[in-house]
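Student: Once you've had a glance at the structure underneath, I'll fire off some questions.
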Amino acid sequence: MREEATAFVPGHITGFFSAHPADDPTMAGSRGAGLTLTDGVTVTVEPVAEEASESIVILDGEMIEIEPVDIVLETLDVVARVEAESDLPLGAGFGISGAMALGTALAANRVFGCKLSRNELVTIAHGAEVQAGTGLGDVVAQDCGGIPIRLEPGGPQENKLDAIPARARVEYVSFGELSTADVLAGETDQLTAAGKEALSRVVEEPTLLSFMYASRLFAREAELLTEEVAHTIGDVTDVNGQASMAMLGETVFALGTGLSDAGYEPSVCATHPAGALLR
Numbered sequence: 023m024r025e026e027a028t029a030f031v032p033g034h035i036t037g038f039f040s041a042h043p044a045d046d047p048t049m050a051g052s053r054g055a056g057l058t059l060t061d062g063v064t065v066t067v068e069p070v071a072e073e074a075s076e077s078i079v080i081l082d083g084e085m086i087e088i089e090p091v092d093i094v095l096e097t098l099d100v101v102a103r104v105e106a107e108s109d110l111p112l113g114a115g116f117g118i119s120g121a122m123a124l125g126t127a128l129a130a131n132r133v134f135g136c137k138l139s140r141n142e143l144v145t146i147a148h149g150a151e152v153q154a155g156t157g158l159g160d161v162v163a164q165d166c167g168g169i170p171i172r173l174e175p176g177g178p179q180e181n182k183l184d185a186i187p188a189r190a191r192v193e194y195v196s197f198g199e200l201s202t203a204d205v206l207a208g209e210t211d212q213l214t215a216a217g218k219e220a221l222s223r224v225v226e227e228p229t230l231l232s233f234m235y236a237s238r239l240f241a242r243e244a245e246l247l248t249e250e251v252a253h254t255i256g257d258v259t260d261v262n263g264q265a266s267m268a269m270l271g272e273t274v275f276a277l278g279t280g281l282s283d284a285g286y287e288p289s290v291c292a293t294h295p296a297g298a299l300l301r
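In the numbering used here, each residue's number is its place in the sequence shown (first place is 1) plus 22.
Shown next, in the form of structure tokens:
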């Protein structure tokens with residue numbers, strides 16, 4: 023057993039998606055596309071004291087309950103202290119719960135000598151997110167890195183991934199939270215129909231420009247745009263920039279200097295060239 027291990031998991035912005043439920047959470051998931059980010063989550067796992075019976079999860083210095091992390095630890099049958107630092111806000115469409123689940127799986131596997139493969143750990147983290155209702159495709163995208171296209175849903179044994187072969191500067195502003203669980207628990211037929219159409223467009227033309235156009239169209243047709251998000255996207259469009267809404271959060275992301283050119287003071291990062299990694 024090691025004293026501790028640390029993993030970095032890139033943030034993930036989903037531009038569009040379609041929901042594909044299944045009885046087995048490792049087979050459920052989403053199709054869609056998004057950007058992984060150089061801004062992400064650093065997760066450190068260490069054993070708790072021998073007399074402790076419960077795991078502890080800390081995010082940015084505060085104790086917190088994140089169900090996917092709890093499920094990962096239970097699946098691995100370990101009790102641990104999980105301490106994470108995030109460059110990104112929770113609940114705003116950056117895949118933080120997925121990042122914490124995947125980072126916990128990778129680091130705990132090293133600390134406790136679980137002897138599981140990469141795909142097995144990603145499957146556990148993906149299944150935990152689906153089971154908790156906090157996400158459908160972030161984990162597999164964060165494992166992949168780059169600008170992944172999720173052609174088939176599910177964990178690594180089930181899904182099929184491609185990617186847009188590009189890199190980009192990314193700007194973003196967040197205005198608040200949206201509940202992924204609430205959206206996914208509601209009626210998703212309209213959302214899924216819009217997601218399938220968006221995916222067809224990007225598969226036909228796998229470019230950043232096509233991805234941004236499909237993402238904007240999806241946000242409108244799925245009726246997920248809030249007033250402030252729609253106004254901000256419009257401001258970026260007015261200066262000939264490319265912007266859309268992060269799924270699912272009240273967040274606008276733009277390529278290049280779109281938000282800066284529109285007069286905003288965004289956070290700035292870039293697409294991440296690789297997936298999650300142990301440090």
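Positions of the beta carbon are idealized from the N, C-alpha and C atoms, including for glycine.
Which ranges would you report for the alpha helix (DSSP H) in the segment 242-272 if only whole runs of at least 4 residues count?
Tutor: Segments of the alpha helix (DSSP H) lying fully in the segment 242-272: 249-260.
Student: When DSSP labels each residue in this structure, what does residue 282 get in the three-state scheme?
Tutor: Locating residue 282 in the sequence shown gives position 260, where the first residue counts as 1. Correct three-state label for residue 282: helix.
Student: For residue 175, name the three-state secondary structure that DSSP assigns.
Tutor: On the sequence shown, position 153 is the one that residue 175 refers to. Of the three classes helix, strand and coil, the one that applies to residue 175 here is coil, per DSSP.
Student: Going by Cα to Cα distance, which pick from 196, 199, 146, 169 is closest to residue 179?
Tutor: To locate residue 179, count along the sequence shown from 1; it is residue 157. For residue 179, the nearest C-alpha among the options comes from 146.
Student: Please identify the residue among 244, 265, 298 whose C-alpha is closest to the C-alpha of residue 253.
Tutor: For the purposes of this step, residue 253 is identified with residue 231 of the sequence shown, where counting begins at 1. That would be 265, whose Cα lies nearest to the Cα of residue 253.
Student: Since residue 86 and residue 105 are thought to touch, with beta carbons under 8 Å apart, how far apart are those beta carbons, to the nearest angstrom?
Tutor: The residue you call residue 86 lines up with position 64 of the sequence shown. The residue you call residue 105 lines up with position 83 of the sequence shown. At roughly 11 Å, the Cβ-Cβ gap does not stay under 8 Å, so residue 86 and residue 105 are not in contact.
Student: Kindly list the residues whose CB is nearer than 8 Å to the CB of residue 263, restricted to its own chain and excluding five residues on each side of it in sequence; keep chain order.
Tutor: Here residue 263 refers to the residue found at position 241 of the sequence shown. Contacts found: 276, 277, 278, 279, 280, 281, 283, 284.
Student: Which whole runs of the alpha helix (DSSP H) in the segment 59-94 are 4 residues long or more, in chain order?
Tutor: Within the segment 59-94, no complete alpha helix (DSSP H) run reaches 4 residues.
Student: Return the Cβ separation of residue 171 and residue 184 in integer angstroms, given the expectation that the two are a contact with Cβ distance under 8 Å.
Tutor: For the purposes of this step, residue 171 is taken as the residue at position 149 of the sequence shown. For the purposes of this step, residue 184 is taken as the residue at position 162 of the sequence shown. Indeed, because the Cβ distance is near 4 Å, the residues count as touching under 8 Å.
Student: Rounded to whole angstroms, how far is the Cβ of residue 63 from the Cβ of residue 125, which I believe are closer than 8 Å?
Tutor: Looking up residue 63 in the sequence shown gives position 41. Looking up residue 125 in the sequence shown gives position 103. Correct: roughly 6 Å between the Cβ atoms.
Student: Taking buried to mean at least 16 other C-beta atoms within 10 Å of its own C-beta, is residue 201 buried or exposed?
Tutor: Position 179 of the sequence shown holds residue 201. Counting Cβ neighbours within 10 Å, residue 201 comes out exposed, since fewer than 16 surround it.
Student: Beta-carbon within less than 7 Å of residue 25's beta-carbon, same chain only, minus the 5 sequence neighbours each way: which residues are those?
Tutor: Sequence index remark: in the sequence shown, residue 25 carries index 3 (1-based). Counting only Cβ-Cβ distances below 7 Å, and skipping sequence neighbours, we find 68.
Student: Buried or exposed for residue 141, please, with buried defined as at least 16 other CB atoms from any protein chain shown within 10 angstroms of its CB.
Tutor: Taking the sequence shown and counting its residues from 1, one reaches residue 141 at position 119. Counting Cβ neighbours within 10 Å, residue 141 comes out exposed, since fewer than 16 surround it.
Student: Got a sec? Which residues, its chain only, sit under 7 Å from residue 157 by beta carbon, not counting five neighbours each side?
Tutor: Position 135 of the sequence shown, counted from the start, is the residue given in the question as residue 157. The answer, listed in chain order, is 117, 119, 120, 151, 202.
Student: Terminal residues of the continuous alpha helix (DSSP H) containing residue 126?
Tutor: Counted from its first residue, the sequence shown places residue 126 at position 104. Residues 118-134.
Student: In this structure, what does DSSP give as the bridge partners for residue 41?
Tutor: Stepping through the sequence shown from its first residue, residue 41 is reached at position 19. For residue 41, which the question treats as bridged, DSSP gives the partners 52.
Student: Would you verify that the beta carbon of residue 90 is, or is not, closer than 8 Å to some beta carbon of chain D?
Tutor: In summary, chain D is missing from the structure at hand, where a single protein chain is found.
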